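The next block holds one structure in the form of structure tokens; read it before the comments.
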Amino acid sequence: MTLPQIAFFFLSAVALASAVMVITRRNAVHSVIWLIVTLFSVGGVFLMLHAEFLFAVQVILYVGGIMVLFLFVVMLVNLDVAVKQAQFTRQWQLALATAVMLMAELAYGIYRGHEGFTLGQVSSAPISGGNTQALALALYQDYMLPVEIASVLLLVAMVGAVVMAKRKLE
Amino acid sequence: MIPTHWYLMLGTALFTIGVIGVLTRRNVIVILMSIELILNAVNVNLVAFSDYFRSVDGQVFAIFVITDAAAEAAIGLALIIALFRNKETVNADEIDLLKW
Chain A
4 MTLPQIAFFF LSAVALASAV MVITRRNAVH SVIWLIVTLF SVGGVFLMLH
54 AEFLFAVQVI LYVGGIMVLF LFVVMLVNLD VAVKQAQFTR QWQLALATAV
104 MLMAELAYGI YRGHEGFTLG QVSSAPISGG NTQALALALY QDYMLPVEIA
154 SVLLLVAMVG AVVMAKRKLE
Chain B
271 MIPTHWYLML GTALFTIGVI GVLTRRNVIV ILMSIELILN AVNVNLVAFS
321 DYFRSVDGQV FAIFVITDAA AEAAIGLALI IALFRNKETV NADEIDLLKW
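Chains as they are written, first to last, in my numbering: chain A, 4 to 173; chain B, 271 to 370.
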């Protein structure tokens, strides 16, 4: 087993274990902390796939932005009552069985697919000119309109969040 | 080196854990966090294929997914605050105003 494979298995194990912790913890604050661990491990997987800019985005935007937002709301919403109540819905066995069946189907499809279509090895050579430069060129030349639409989407989301969290509309 | 389908398997497992969280948890905030897990699983797949084809298009799409995740988190958390103000609960199965 080579060093990249060991790194991949380590990152995957951390990501999956902390993801399981996210959905099983009783206290929502603990869930947020475990989700941060998951996001860091997924960021490490991005690094292994030569996506350095996405790793930076993952750490700055996800861990630094979205998770702080989550923590804020967890602190704002009084969870003392919810912690003492049942954490899972009544139909959780059925939901678990369905989800595991879904995973079995997907995993079987990927397993057969990689045999049939010879999904080969991940390339080791990085894109020339650096990942960030290539990504910037793609974003601002080929994907100009989607970037503008995404910025409008963010504006709408911002206005919507302010309007909905407001105490009273006058 | 690492075959691409290993990354796809990781994405599948993360996706399934997220789906289990959405389907079984009662706490709305944890359901939102499970949706973040699902979006991350999608990003792993996109970046894996981006690396496999030596093209940045997959990474561009992953950036759009992260943008969507940010918008969704902001809207979802604002909804939770508004909901908690009105109903004093964060349990998804107690919010049944539209159910008869």
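Idealized CB from N, CA, C, for every residue including glycine. This one's a predicted model, so the numbers in the text were calculated from it and none came from an experiment.
> Counting only beta-carbon atoms, is residue 13 (chain A) nearer than 8 Å to chain B?
Replying inline: no
>> Give me the chain E residues within the contact set of residue 365 (chain B), using Cβ-Cβ distance strictly less than 7 Å, ordered along the chain.
In response: No chain E appears in this structure, whose protein chains are A and B.
> If we ignore side chains and look at the alpha-carbon of each, how far apart do residue 29 (chain A) and residue 90 (chain A) end up?
Replying inline: 7 Å
>> Assuming residue 291 (chain B) and residue 26 (chain A) are in contact, meaning their beta carbons sit under 8 Å apart, how far apart are those beta carbons, in whole angstroms?
In response: For a cut-off of 8 Å, the C-beta gap from residue 291 (chain B) to residue 26 (chain A) is around 4 Å, short enough to register as a contact.
>> Using only CA atoms, which one of A:160, A:165, A:152 and A:76 lies nearest to residue 34 (chain A)?
In response: Comparing C-alpha distances from residue 34 (chain A) to each of A:160, A:165, A:152 and A:76 shows the shortest one belongs to A:76.
>> Quick check on residue 312 (chain B) - is its C-beta less than 8 Å from some C-beta in chain A?
In response: no
> Quick one: Cα of residue 22 (chain A) to Cα of residue 361 (chain B), how far?
Replying inline: 21 Å
> Which residue from A:154, A:157 and A:112 puts its Cα closest to that of residue 278 (chain B)?
Replying inline: A:112
> With 16 other CB atoms within 10 Å as the buried threshold, where does residue 363 (chain B) fall?
Replying inline: When all chains shown are included, residue 363 (chain B) counts as exposed.
>> residue 299 (chain B) and residue 31 (chain A) - do their beta-carbons sit closer together than 8 Å?
In response: The answer is yes: Cβ separation under 8 Å.
> Does the Cβ-Cβ distance between residue 61 (chain A) and residue 45 (chain A) come in under 8 Å?
Replying inline: yes
> So with Cβ pairs under 8 Å, would you call residue 167 (chain A) a contact of chain B?
Replying inline: Yes, residue 167 (chain A) lies at the interface with chain B (some Cβ there is under 8 Å from its Cβ).
>> Do residue 326 (chain B) and residue 137 (chain A) have their beta-carbon atoms positioned less than 8 Å apart in this structure?
In response: yes
>> Counting beta carbon pairs with one atom in the segment 311-329 of chain B and one in the segment 347-355 of chain B, are three or more of them shorter than 8 Å?
In response: Touching, no.
>> My parser needs the alpha helix (DSSP H) runs of 4 or more residues fully inside the segment 4-44 of chain A; what are they?
In response: 6-27
>> Need the endpoints of the alpha helix (DSSP H) that residue 275 (chain B) sits in, please.
In response: 274-294
> Since residue 90 (chain A) meets chain B, which of its residues come closer than 9 Å, beta carbon to beta carbon?
Replying inline: Proximity of chain B to residue 90 (chain A) at the Cβ level (cut-off 9 Å) is accounted for by 294, 295, 296, 297 and 300, in chain order.
> How about residue 367 (chain B) and residue 339 (chain B): do their beta carbons lie closer than 8 Å?
Replying inline: no
> Can you list the residues of chain A that residue 368 (chain B) reaches, using a CB-CB cut of under 8 Å?
Replying inline: Within 8 Å Cβ-Cβ: nothing; residue 368 (chain B) doesn't reach chain A, min ~17 Å.
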